[in-house]
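Take any residue in the sequence shown, note its place counting from 1, add 593, and you have its number in the numbering used here.
Beta carbons are placed, not taken as given, at the ideal position from N, Cα and C, and that holds for glycine.
If you're wondering where the values come from, they're calculated on a predicted model, not measured in any experiment.
In what follows, a single structure is set out as structure tokens and then discussed.
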Amino acid sequence: MAETQPKPELSYIANVTRVRAAAGVILRDRAGRVLVVHPTYKDVWEVPGGTVEPDESPADACAREIREELGLSVPTGALLCVDWVPASPPWDGGLMFVFDGGVLTADQIATMRLCPEELDRFEFVEPARLEEVLIPRLARRVAAAVAAIGRGGVYLEDGVASSSR
Numbered sequence: 594m595a596e597t598q599p600k601p602e603l604s605y606i607a608n609v610t611r612v613r614a615a616a617g618v619i620l621r622d623r624a625g626r627v628l629v630v631h632p633t634y635k636d637v638w639e640v641p642g643g644t645v646e647p648d649e650s651p652a653d654a655c656a657r658e659i660r661e662e663l664g665l666s667v668p669t670g671a672l673l674c675v676d677w678v679p680a681s682p683p684w685d686g687g688l689m690f691v692f693d694g695g696v697l698t699a700d701q702i703a704t705m706r707l708c709p710e711e712l713d714r715f716e717f718v719e720p721a722r723l724e725e726v727l728i729p730r731l732a733r734r735v736a737a738a739v740a741a742i743g744r745g746g747v748y749l750e751d752g753v754a755s756s757s758r
């Protein structure tokens, strides 16, 4: 006889914390530089990626964003980090996932096509220069993600590695 699970109270479910989620990707060139992109709608540089849509996994969101933003079909690789970002009104707190997109070939870079409604340029940046190009929290997250390549993922809070509590 199958055991039935008790149904949670709807009032409890309505009050469970909800967080936003986004997914980004670390794509590198053969020299080990990291791809950064410049959105048309803000004056900062970012890594390719974006918001996780309803009923979409972070890995699927990452692959979709790479296709939409860059015109590339690159498999989402290993999870490099998850970063808890505290609330900053009007934004709720969020979980930012960063995946390893691997090393792009010269042909992939040559065929990359930016979505003109979202991005106006891209650049490959040496990892040591990321803090000059990215906002501080994202620079910390990307540096941690790059350091995790081939070593396994890391958990961050606001871009800083968090030890077990």
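Cβ pair residue i, residue j closer than 9 Å
{"i": "residue 605", "j": "residue 677", "result": "no"}
{"i": "residue 612", "j": "residue 688", "result": "yes"}
{"i": "residue 616", "j": "residue 655", "result": "yes"}
{"i": "residue 815", "j": "residue 647", "result": "Here the chain covers residues 594 to 758 and nothing more, so residue 815 does not appear."}
{"i": "residue 734", "j": "residue 691", "result": "yes"}
{"i": "residue 742", "j": "residue 693", "result": "yes"}
Opposing strand residues paired with residue i [DSSP bridges]
{"i": "residue 614", "result": "688"}
{"i": "residue 675", "result": "690 and 748"}
{"i": "residue 620", "result": "695"}
{"i": "residue 743", "result": "Residue 743 pairs with nothing; no bridge assigned."}
{"i": "residue 753", "result": "750"}
{"i": "residue 642", "result": "617"}
Span of the beta strand (DSSP E), counted from its first residue to its last, around residue i
{"i": "residue 748", "result": "747 to 750"}
{"i": "residue 628", "result": "627 to 632"}
C-beta neighbour in chain B for residue i, strict 9 Å
{"i": "residue 728", "result": "No chain B appears in this structure, which consists of one protein chain only."}
Collapsed DSSP secondary structure at residue i in the structure displayed
{"i": "residue 648", "result": "coil"}
{"i": "residue 604", "result": "helix"}
{"i": "residue 735", "result": "helix"}
{"i": "residue 680", "result": "coil"}
{"i": "residue 636", "result": "coil"}
{"i": "residue 665", "result": "coil"}
**Report entry** Completely contained alpha helix (DSSP H) runs for the stretch 691 to 731, where each covers 4 or more residues
**Finding:** 699 to 704 and 723 to 726
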